[in-house]
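Structure record follows, encoded as structure tokens.
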Amino acid sequence: MSEAGARRLREDHGLGSRLSRPPPCLALATLPTPLERARWLDDGAEVWVKRDDQSSALYGGGKVRKLEWLLASERFGGSGPIVSVGGIASNHLVALALFLQRTGRPLHALTFEQPLTPHGRMNLAALMSLGARFWHVRRRAALPWAWLGYQLWAKPVVRGEFMAPGASDGRGGLGFVEAGLELARQIAEGAAPRPGQIYITGGSAGAAAGLALGLAIAGVSTELRIVAAVERWGFNGLLLRRMLGQIFAELVAHGLGDSLGRGGVAGLLAGAGVTWSIDHTQVGPGYGAPTAAGAEAVRLAAQHGLHLETTYTGKCLAALRGDLRGGRAQGPVIFWNTHAGADLRRWVKPGWEAALPQRLARRVEALSLG
Ligand SMILES: Cc1ncc(COP(=O)(O)O)c(C=O)c1O
């Protein structure tokens, strides 16, 4: 796509009619994404899949929904680097690298170690091949050191504009508010029944929080079951509430009507009958570490043409299958597939390993699984 094409604004979003001053949004995603019946998952309740993996031919999944709003904002409107945060196999960093390379903008990344599944290794290979530059530490808790190193390096050079981890902030979250409105339209058109539960995975909270608000604005009563991919200290009710507050503030700042905005987040969700709960049972040994149930869910999905991964969506599907088996999910259920599932091989350059920072290059083999 040409640079002009990459900067085409989206005029057809649902927030246009809900906000008196909607912020700009780039047309990066192919929307709406399909809603498909998934009989192979039925187990006492009917299951549907929201195919966000089809949200972009370049790199689908949930991230492009957030990037549509973020990259259109004044804050990210320049042509300099963008700096963000993630594991060395972060899907968020891959999405950002791919959407930035179309306009020749560099990606600077503050990174930490995570186990490298074959999928993760492919992500890392793509990031190196696309020219992403890492400021790397071993542990997530040491990220402030990566930040410090970056600040010192960037001072005489060009410091990137900072994008929140997972592209989750008030503006990025609008992408999932829009997703909630999109689902509401699909339900109204009869594409699927109103779900009793929606299963979505949670990392930096933007997707789930935005979706909850979008469904509430559209008046779709449902339960969001948020399956954590991250330990409790990294993702919990407090952080979700904070994200709900940030996205809500963004909506109000852009003219969410009084009738919806007056009662705050709690009033909006309660008024529409949108509830949420967080399930931490699938995290297993930690962020990025595959679990047996998650890996089995990935295998099952692959047999039915759905490409998941073991960090987020596999764990989410494992939780859904367990809840169906245990009778917790009454249905109808929507499984929200937030993973791109794109084949990244076309981006990978031979010899990409040479671009790794030295301290990471020494660790790649030790981190690699299967
Ligand atoms: C495939 C996938 N699904 C879901 C998420 C989590 O979304 P959020 O960070 O908005 O909670 C991520 C985050 O990187 C992801 O890569």
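Under the numbering used here, residue 373 is the last one in the sequence shown; the count climbs by one each step, no gaps.
Backbone N, C-alpha and C define an ideal beta-carbon position, used for all residues, glycine too.
Beta bridge pairing from DSSP links Ser280 with Arg228. Note on the stretch 158-202: whole alpha helix (DSSP H) runs with a minimum of 4 residues are 173-191, in chain order. Here Gln285 has Val230, Lys318, Ala321 and Ala322 as same chain residues with Cβ atoms under 6 Å from its own Cβ, once five neighbours each way along the sequence are excluded. Contact check between the stretch 132-142 and the stretch 172-187: fewer than three CB pairs, one atom from each, fall below 8 Å, which does not count as touching. Pairing Arg105 with Leu31, the inter-Cα distance amounts to about 11 Å. Inter-segment contact for the stretch 44-56 and the stretch 327-336 is present: three or more beta-carbon pairs are separated by less than 8 Å. With respect to the C-alpha of Ile337, the residue from Gly289, Glu71 and Leu186 having the closest C-alpha is Leu186.
Taking Arg244 as reference, the option from Val301, Leu303, Ser20 and Gly209 with the minimal CA-CA separation is Gly209. Using a Cβ-Cβ distance cut-off of 8 Å, the stretch 70-89 and the stretch 147-163 are in contact, since at least three pairs of beta carbons, one from each stretch, lie closer than that value. Gly163 sits away from Leu184, with the two beta carbons spaced by 7 Å or more. When only Cα atoms are considered, Gly90 and Leu372 end up about 15 Å apart. Here the alpha carbons of Ser59 and Gly123 stand approximately 20 Å from one another. About 16 Å separates the Cβ atoms of Gly206 and Ala182, ruling out a contact at the 8 Å cut-off.
Looking only at Gly199, Arg235 and Pro293, the smallest Cα-Cα distance to Asp326 is reached by Gly199. The Cβ atoms of Trp279 and Gly178 do not sit closer than 7 Å to each other. Inclusion of Met246 and Ala212 in the CB contact set at 7 Å is warranted, their separation being smaller than that value. Non-local beta-carbon contacts of Gly344 in its own chain, meaning distances under 6 Å to residues more than five positions away in sequence, involve Asp56 and His310 in chain order. Here Arg13 is not bridged, per DSSP, to any residue. Straight-line spacing of the CA atoms in Val161 and Ala305 works out to 43 Å.
In the structure shown, the three-state DSSP call for Ile91 is coil.
Taking 6 Å as the cut-off, one finds at least one heavy atom of ligand 1 near enough to the beta carbon of Asn94.
Per the Cβ contact rule, the stretch 124-134 is in contact with the stretch 341-357 (3 or more Cβ pairs under 8 Å).
Listed as beta-bridge partners of Ala305 by DSSP are no residues whatsoever.
Beta-bridge annotation (DSSP): Ile85 is paired with Leu110 and Glu164.
Around the beta-carbon of Ser20, fewer than 16 other beta-carbon atoms lie within 10 Å, marking it exposed. For the pair Ala195 and Trp51, the CB atoms are nearer than the 7 Å cut-off.
Under the three-state reduction of DSSP output, Phe251 falls in the helix class. Ala112 and Gly193 have their C-alpha atoms some 43 Å from each other.
Fully contained in the stretch 20-52 are the following beta strand (DSSP E) runs of length 3 or more, in chain order: 38-40. In the three-state scheme derived from DSSP, where H, G and I count as helix and E and B as strand, Val233 is classed as coil.
Within the stretch 284-351, the complete beta strand (DSSP E) segments of 3 residues or longer fall at 336-340, listed in chain order. Leu146 sits away from Phe102, with the two beta carbons spaced by 7 Å or more.
Judged by DSSP secondary structure, Arg362 falls within the alpha helix (DSSP H) whose first and last residues are Gln361 to Ala364. In the same chain as Ala149, and ignoring 5 residues on each side of it, the C-beta atoms closer than 6 Å to its own belong to Leu113, Trp138 and Val140, in chain order. Burial state of Trp339 is buried, judged by a 10 Å Cβ sphere holding 16 or more other Cβ atoms. Excluding five sequence positions before and after Ala292, the CB atoms of its chain that fall closer than 7 Å to its own CB belong to Pro118, given in chain order.
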